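So in this note's numbering the end of the sequence shown lands on 265, straight run, no missing numbers.
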Amino acid sequence: PLTLHENLPFKPEIIGNKTSWCTGEFADLSTEQSYSSYQWSNGLNAASIQVTSDCTISLQAINSWGCTGYSDTLEIAFVEKPSASFLYSQPINTPGIQFINQSTNADNWLWDFGDGQTSEEQHPAHIYSSRGVWSVVLIVANQCGADTVFRELKLDTTLSVPNDLQTAQHVSIYPNPGSDYMFIKGLDSQNQTVFIHDLSGRIIYSNTFKFTGTDNFAIPTSELPAGAYFIRLGSAKNGQVLPWLKR
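Okay, here's the thing in C-alpha cells:
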C-alpha cells in the first residue's frame, strides 16, 4: 500500500561549538545526524562543517520522509586579537595630560602612569605631581588575548605645574578620586578663593571661603564631567595647586 506522509514543517537547528570565535580558530557547526541530506548556504553538504571567516550561514535539510526544513540564519564573526597604541596631549601651562587610546579590537584597558596611579578608563586624563620622565604602560585585552605598549613621557618645564605655583603643603583634597563632592582640609585661618581648572586651564568653578584651619569645606562636583582637574588655592593666576580626579 501507498503511505502518504504529511509535509510537516520542521526547522533544523545549527549548533556551534562556541558562541564567538577568535581569528585563526575554526567555527565548528553541526546539526542532527538523522537527516537524509544537508545543504548549507556556503555550499557544503555534510551534517558537520567548519567555517574560518565571517559569514551569514543557514541550512536546508531533507528528512527521511523527503520533507524539507530551513534553519534560522546564524551570523559568524571572528574577533581579532587586540593591538595596543596610544597618544597623549598636554595643554600649555597645565600639569594635566590627556591620553588618547588608539588601540584596536580591545574592550578592556589598564593604564599604569608610572607614578603609582592606574586607570581602567578608555581615554583617561592624569595629573603628575612633578616633572621628570615617566614610563606609561597600556595593557589592552579582549576575549582573544592581550597586548601591551610602553611609552616614555617626558615632563619638562612646559609639561609641569607652572613656576608661579607651589604645590600645596599640608593641604589635602578628599576623596581623591571623588564624585559628587570634594572636601578641602588643612588650610590656615584666612579667606581663601578656590578655583577649579580643567586641563585646558579654563576656570570652571570659583568661590571664596573663610577657612579656620580646622574646617573641612565641601564643594559640589556632581555636574563636572569625569576626568582630571587641578585645584588652585589663592588667586586665578598664583597660589597653591592640587591635582584631583573626578570619577
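All residues carry an ideal CB built from backbone N, CA and C; glycine is no exception.
It should be emphasised that the depicted structure is a prediction, and the values quoted were computed from it without experimental measurement.
Remark: C-beta atoms of K264 and G219 do not approach each other more closely than 8 Å. Taking every protein chain shown into account, the CB of T41 has fewer than 16 other CB atoms within 10 angstroms, so this residue is exposed.
Counting C-beta atoms within 10 angstroms of its own C-beta, I202 has 16 or more neighbours from the protein chains shown and is therefore classed as buried. If you draw a 10 Å sphere on the C-beta of A244, you find fewer than 16 other C-beta atoms in it, and that means exposed. Per the coordinates, the alpha-carbon of I191 lies some 12 Å from the alpha-carbon of Q258. In this chain, the beta strand (DSSP E) harbouring R250 covers 245-252.
In the DSSP assignment, the residues bridged to Y223 are I214. Apart from the 5 residues on each side of it in sequence, P261 sits with its Cβ closer than 6 Å to the Cβ of I145, F248 in its chain, given in chain order. Beyond the five residues adjoining it in sequence on each side, A102 comes within less than 8 Å, by CB distance, of S121, A124, L156, I157, V158, D165, T166, V167 in the same chain, given in chain order. Counting other Cβ atoms within 10 Å of its Cβ, Y56 reaches 16 or more and is therefore classed as buried. For H141, there is no enclosing beta strand (DSSP E), as DSSP gives it neither H nor E. Here E31 carries a coil assignment [DSSP, helix/strand/coil].
Leaving aside the five residues that flank G34 on each side, the residues in its chain whose CB is nearer than 6 Å to its CB run, in chain order, L47.
Beta-bridge pairing by DSSP links D46 to Q68. Put simply, of Y106, Q68, Q135 the residue whose alpha carbon is nearest the alpha carbon of R169 is Y106. Relative to S148, the option among S52, Y199, G114 whose CA is nearest is G114.
Just measuring C-alpha positions, the residue of Y53, C73, E50, S52 sitting nearest G61 is C73. Here V189 carries a coil assignment [DSSP, helix/strand/coil].
A direct Cα-to-Cα measurement between D133 and W152 gives close to 7 Å. The residues F104, Q140, H141, in chain order, have a CB closer than 6 Å to that of N119 in the same chain once the five nearest residues on each side in sequence are set aside.
Pairing T211 with S224 gives a Cβ-Cβ distance under 8 Å.
For T86, the enclosing beta strand (DSSP E) starts and ends at 86-88. Residue environment analysis places F44 among the exposed positions, since fewer than 16 neighbouring C-beta atoms fall within 10 angstroms of its C-beta.
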